[in-house]
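**Student:**
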Amino acid sequence: MRFDDDWMSRADDRILEHLSERGPDTPKEMADSGRVRFSRQHINQRCKKLVIYGLLVHLGNGVYDISPEGEQYLDGELDARDLEAK
């Protein structure tokens, strides 16, 4: 069971799941995939927020990847309520 926090949105789990399954990607590619059914702009905003809380890593040039903490969150091993903005 996953434990999210008030700062999270519905898009966050889809973004994390996409990156966990497919590897590093850009917000545009995530939006185009059909799996993350949000606009590129919204995905981009959410990726930046997920980086702040340590669930994603920004690799540069608009490419994001899931962090070990992001994988732990997906596996239900990490409570997002315990995360602090960096």
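Quick note: the sequence shown uses the working numbering, first residue 23, plus one each step. Backbone N, C-alpha and C fix where the C-beta goes; we use that ideal spot for every residue, glycine too.
Whether or not the region 24 to 31 and the region 94 to 103 are in contact is what I'm after, with contact meaning three or more pairs of Cβ atoms, one per stretch, closer than 8 Å; do they touch?
**Tutor:** Touching, yes, given that three or more Cβ pairs across the two stretches are closer than 8 Å.
**Student:** What do you get for residue 92, buried or exposed, if any count of 16 or more other CB atoms within 10 angstroms of its CB means buried?
**Tutor:** Classification of residue 92: buried, given that the 10 Å Cβ count is 16 or more.
**Student:** Taking the C-alpha atoms as reference points, what is the distance between residue 45 and residue 73?
**Tutor:** Those two C-alpha atoms are separated by around 16 Å.
**Student:** Just reading off the alpha helix (DSSP H) that residue 82 is part of, what are its end residues?
**Tutor:** Counting along the chain, residue 82 falls outside any alpha helix (DSSP H), though it belongs to the beta strand (DSSP E) covering 78 to 82.
**Student:** What residues are listed by DSSP as bridge partners for residue 86?
**Tutor:** Partner(s): 47, 80.
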